[in-house]
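So the structure is just underneath, and the comments pick up after that.
Protein chains: 4
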Amino acid sequence: MTDNLSGIFPPLTTPFTEDELALDKLLRNLRKYERRELSGYVLFGSNGESAFLTREEKLQIISSVREHTKKILIAGTGLDSIKETISLTNEAAEKGADYALIITPSFFKSEMKHHTFLNYYSKVAESVMIPVIIYNVPKFTNVNIEPETIIELSVHPNIVGLKDSTENPSRISEIVSKVPKTFKVIVGTASVLYPGLTGGATGGILALANIAPDECIKMYNLFCEKKFNEVLELQNRMIPVNRAVTAKFGVAGLKAAMDMMGYFGGNPRLPLEPLNEAQLIELKMILKKASLIE
Amino acid sequence: MTDNLSGIFPPLTTPFTEDELALDKLLRNLRKYERRELSGYVLFGSNGESAFLTREEKLQIISSVREHTKKILIAGTGLDSIKETISLTNEAAEKGADYALIITPSFFKSEMKHHTFLNYYSKVAESVMIPVIIYNVPKFTNVNIEPETIIELSVHPNIVGLKDSTENPSRISEIVSKVPKTFKVIVGTASVLYPGLTGGATGGILALANIAPDECIKMYNLFCEKKFNEVLELQNRMIPVNRAVTAKFGVAGLKAAMDMMGYFGGNPRLPLEPLNEAQLIELKMILKKASLIE
Amino acid sequence: MTDNLSGIFPPLTTPFTEDELALDKLLRNLRKYERRELSGYVLFGSNGESAFLTREEKLQIISSVREHTKKILIAGTGLDSIKETISLTNEAAEKGADYALIITPSFFKSEMKHHTFLNYYSKVAESVMIPVIIYNVPKFTNVNIEPETIIELSVHPNIVGLKDSTENPSRISEIVSKVPKTFKVIVGTASVLYPGLTGGATGGILALANIAPDECIKMYNLFCEKKFNEVLELQNRMIPVNRAVTAKFGVAGLKAAMDMMGYFGGNPRLPLEPLNEAQLIELKMILKKASLIE
Amino acid sequence: MTDNLSGIFPPLTTPFTEDELALDKLLRNLRKYERRELSGYVLFGSNGESAFLTREEKLQIISSVREHTKKILIAGTGLDSIKETISLTNEAAEKGADYALIITPSFFKSEMKHHTFLNYYSKVAESVMIPVIIYNVPKFTNVNIEPETIIELSVHPNIVGLKDSTENPSRISEIVSKVPKTFKVIVGTASVLYPGLTGGATGGILALANIAPDECIKMYNLFCEKKFNEVLELQNRMIPVNRAVTAKFGVAGLKAAMDMMGYFGGNPRLPLEPLNEAQLIELKMILKKASLIE
């Protein structure tokens, strides 16, 4: 059932022109991605600026993308409110989402522990029409869901996977060794794709795949062919790029790199700001050094 | 124009029965508060569990409360999305909210700096029909808005105040000394009400006022009468209670204390859990020690 | 016995020339401070760069300063190791230190809780020849000692005070209201001197007093004369300066400001670096704006 | 020259009886370790409670251990003070230490950046008689040294390696790919030994090796024999044990586990406290589940 949760999924960025949703640009990017061996797409991951999208915009995006691809669509529909999460997820399902990527709730940080996570995910999972993938991203939430909690949730019939965006792959191998085979763990950042796959992850949801989908796919394929040294070499080449489009320059950097690579990146939505000149130059140097541009 | 932003405002908790909004209980509490010398109410502060409420529930609450009071209503309508914030704020205004309490955006924590805050608050303020109060609460957002940013925003005609929920009153006195007289700073936690008022704050939005409104009002009045030693003494008596219903036991503790004090507290909404027996006993002891119950 | 723990104490910076201890410069500064109404001096506070001094250098400094002043000398002699703390404290006492300022141990951060603090401070206090002042400075230690722990320790006959370097004065008023009269609480940063005194603190150990001793003394005196508005006004004027020489520019900034104010500041010790040109200009502007220089 | 920096090194715990150094117990443990295929020992790692040892105790320990083994001895001699670090390192060298493990300085956290680290390590490395291994352990220091800084330092002739105790192996593979072959990177925690070795690390300094040296050695050997699935399986079995003796129960847990495994663990030094009954039972269960005890 969850066999399609493997391979590489770019968490698509959301294009804006004049700060308004630019669906045409999104579809233009999509056409390029469709020619690649990608397994599917994530809509409204963190870097999709889902925090800045309205509910209507989100639903519109799913509908449009669904019309133009037959690949797996994973929609980020998690919110702190269980009610809102259920209703958004079910609408997303109606528009064509295959899976719901549900970020850990995080407003009441100090209360987000084993039992509250069990409460939250069980309640959501039993009320939504599509399977749930847990999304752990402490960098944005300041909350971390422990392996033992994941393991307990993994037996729920409608909780089918985890996207782990920490850079600690020991979490992945530990979890994989203790969950049902049908529960898939997906690496959330390109810097640890290789050790993550080694630890039993079945794929990657990688911001980097927005700008370098071929390299991400190649790492995955090389791994499947057991050409481990080559995976590692490619990963090491990508690490500085990955850092630049995530930790260092954030969404603005990711979008600027897309522009440099021939996709439509554009500006992030307000209140975020685009990179300045000096940052653009530094970013270009990093892409050059990694041989992504000349 | 903002002269009514002074005195004590409880940030009302939201009652639930069987995890569903219980408006009748909210109104029952309101009737008791209406007999007090409170200046108004905050709806959907952090402890109002706004993170767990749907948009519809929020609007319903404003309408109901508006019908039953003539006091100032401040509605917490800030979200990361500027668009959603504007639309929710304007609907809240139509339902009767007098002010919008706008929490700092926080999803992209590392990008939330001077310029992004200026972008966010200017854009929101120029598009909403009611005046904006900035809400700084690093405990929940992991983001802190600097005094210099507040000072710059304070000249915007539709940004009229700040609720500061840090426990650092030097922020308050510094800000007060540099903003227009019409810009009001309100203390966000009872533990520093006295130094905050000393530094020029005009009132308090205090979780504690849900359970001990009279004591909060008394602190404020004693301060106005310049009976400083008495304010301090009362504040010291309240500090352990305040810590219990905030940092120590969270919303569940605040609601349990309301039950003990004759208000309707009830359970927090899922995924949060009510206090256990041992915690209830400890909480009761703390209330007793502070002479709030016998 | 602890009546002399009141008023203003500068935590002296340590001058270096060519990265070596420059005792003559220290004494030159001391002579200037001696003409002021300061209550005493702290040697090896955080900004005294005690982390970079050898044991021999520390003892040498105490001896020299002791020879040149009759005022109270408080020596920062706390280390993670209880044994080292006791032996250094007792040597410091022999050289003339009147009090030991003992920073919270912090290496094993997650273990530093109520009981470990009780173990540590009881053991140290019963083995040293001079009275102990607890030093809480989470900014440097990432550890915070709770009011209830301080309160429990305050009954120990050889633990006589607390320097609290948080910016949260509610800690101070709560602690003061629950400890013996002989236990003194001292404010650790100028930004909250006024609310701290209001809450019952008896004085301040203030980095700011290295560069603006007269202003610090004036704040204290105005407070004693109950000229509260004037204290507040002066404090507000000093807050940006205080921030510049602490959070913003660190020890390097404090020393640069000393140079600007006619004291010997010099460079911080390696590995720290002095301010660059742009930072020096910014710092000068801040001092000017506060009317400390022309 | 640094070829011996490979394989497994336990960072020896320091035994105490009645809170005093118990060298005989240390040597008893050493005899047991000597029968294993360990590459050497680390003295005064974090879990060696070096924060609680006096300089004299440290030197005594090196002398004693040196007398009883011909294996590599790595001594943790880093302190914030450059002067103290140099003098302690050189004394340690005289007593027989082969390498100095130098923890990142950390007192002035916000100043610990690229240039300060370059200043610190260059100065130390040029003044000590034995080669320096950089030690990065953010969990205890709240400071993180970036790959680019390590890479720059790796060309210094007397800086020969890194112990990285983060759980992020992408750091390791990136660093390995950019440093001279003679610069060795060593994994600092058993939970990521396998991905670390995969990324080019040459060995591990593992708290776990105090209680399960054979399992650690086996992981290393299996990796060398390219039996990757078996390494991973063994690593997954060890992860819960490793977490128990580090993050979960700290040094007290590590020592208690040593007692359960037939080594002398004993109590941690004051102010730390031994595990309580409930914790001991939980720990025993974890060791049983991992088949370390019956």
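Protein chains in written order, with the working numbering: chain A, 1 to 294; chain B, 1001 to 1294; chain C, 2001 to 2294; chain D, 3001 to 3294.
Yeah, the Cβ is synthetic: ideal placement off N, Cα and C, and Gly gets one too.
Residue i versus residue j: straight-line alpha-carbon distance, rounded
| i | j | result |
| --- | --- | --- |
| residue 65 (chain A) | residue 218 (chain A) | 25 Å |
| residue 2297 (chain C) | residue 1103 (chain B) | The displayed coordinates of chain C run from 2001 to 2294. Any statement about residue 2297 (chain C) would go beyond what the structure contains. |
| residue 1074 (chain B) | residue 1139 (chain B) | 21 Å |
| residue 1060 (chain B) | residue 53 (chain A) | 23 Å |
| residue 1212 (chain B) | residue 2171 (chain C) | 21 Å |
| residue 1007 (chain B) | residue 121 (chain A) | 41 Å |
| residue 1195 (chain B) | residue 1183 (chain B) | 18 Å |
| residue 3080 (chain D) | residue 3125 (chain D) | 14 Å |
| residue 3288 (chain D) | residue 224 (chain A) | 35 Å |
| residue 1119 (chain B) | residue 3266 (chain D) | 58 Å |
| residue 3192 (chain D) | residue 257 (chain A) | 31 Å |
| residue 1123 (chain B) | residue 1114 (chain B) | 14 Å |
| residue 2249 (chain C) | residue 2275 (chain C) | 8 Å |
| residue 87 (chain A) | residue 272 (chain A) | 28 Å |
| residue 3093 (chain D) | residue 244 (chain A) | 41 Å |
| residue 3284 (chain D) | residue 3254 (chain D) | 12 Å |
| residue 3186 (chain D) | residue 2263 (chain C) | 47 Å |
| residue 2230 (chain C) | residue 2200 (chain C) | 18 Å |
One or two residues paired with residue i in a DSSP bridge
| i | result |
| --- | --- |
| residue 204 (chain A) | A:8, A:187 |
| residue 2102 (chain C) | C:2134 |
| residue 3017 (chain D) | D:3020 |
| residue 1162 (chain B) | B:1134, B:1185 |
| residue 3220 (chain D) | Answer is none; residue 3220 (chain D) lacks a bridge partner. |
Given residue i as reference, the closest of the options once Cα atoms are compared
| i | options | result |
| --- | --- | --- |
| residue 111 (chain A) | B:1268, B:1278, B:1093, B:1242 | B:1268 |
| residue 63 (chain A) | A:36, A:98, A:33 | A:98 |
| residue 2161 (chain C) | C:2168, C:2135, C:2167, C:2143 | C:2135 |
| residue 39 (chain A) | A:221, A:184, A:72, A:215 | A:72 |
| residue 46 (chain A) | B:1109, B:1238, B:1024 | B:1109 |
| residue 3068 (chain D) | D:3123, D:3249, D:3016, D:3029 | D:3029 |
| residue 3101 (chain D) | D:3146, D:3127, D:3078 | D:3078 |
| residue 3043 (chain D) | D:3240, D:3021, D:3015, D:3076 | D:3076 |
| residue 2050 (chain C) | D:3173, D:3084, D:3232 | D:3084 |
Cβ of residue i within 8 Å of any chain D Cβ
| i | result |
| --- | --- |
| residue 177 (chain A) | yes |
| residue 236 (chain A) | yes |
8 Å Cβ cutoff, residue i in contact with chain A
| i | result |
| --- | --- |
| residue 1016 (chain B) | no |
| residue 3232 (chain D) | yes |
| residue 1158 (chain B) | no |
| residue 3170 (chain D) | yes |
C-beta neighbour in chain C for residue i, strict 8 Å
| i | result |
| --- | --- |
| residue 1192 (chain B) | yes |
| residue 1199 (chain B) | yes |
| residue 1239 (chain B) | yes |
| residue 1221 (chain B) | no |
| residue 1195 (chain B) | yes |
| residue 3254 (chain D) | no |
| residue 1167 (chain B) | yes |
Start and end residues, beta strand (DSSP E) containing residue i
| i | result |
| --- | --- |
| residue 1136 (chain B) | 1132-1136 |
| residue 2073 (chain C) | 2072-2076 |
| residue 41 (chain A) | 40-43 |
Min CB distance residue i to chain B below 8 Å
| i | result |
| --- | --- |
| residue 2205 (chain C) | no |
| residue 2279 (chain C) | no |
| residue 2152 (chain C) | no |
| residue 68 (chain A) | no |
| residue 2173 (chain C) | yes |
Alpha helix (DSSP H) segment containing residue i, residue limits
| i | result |
| --- | --- |
| residue 250 (chain A) | 250-260 |
| residue 122 (chain A) | 114-127 |
| residue 1173 (chain B) | 1169-1176 |
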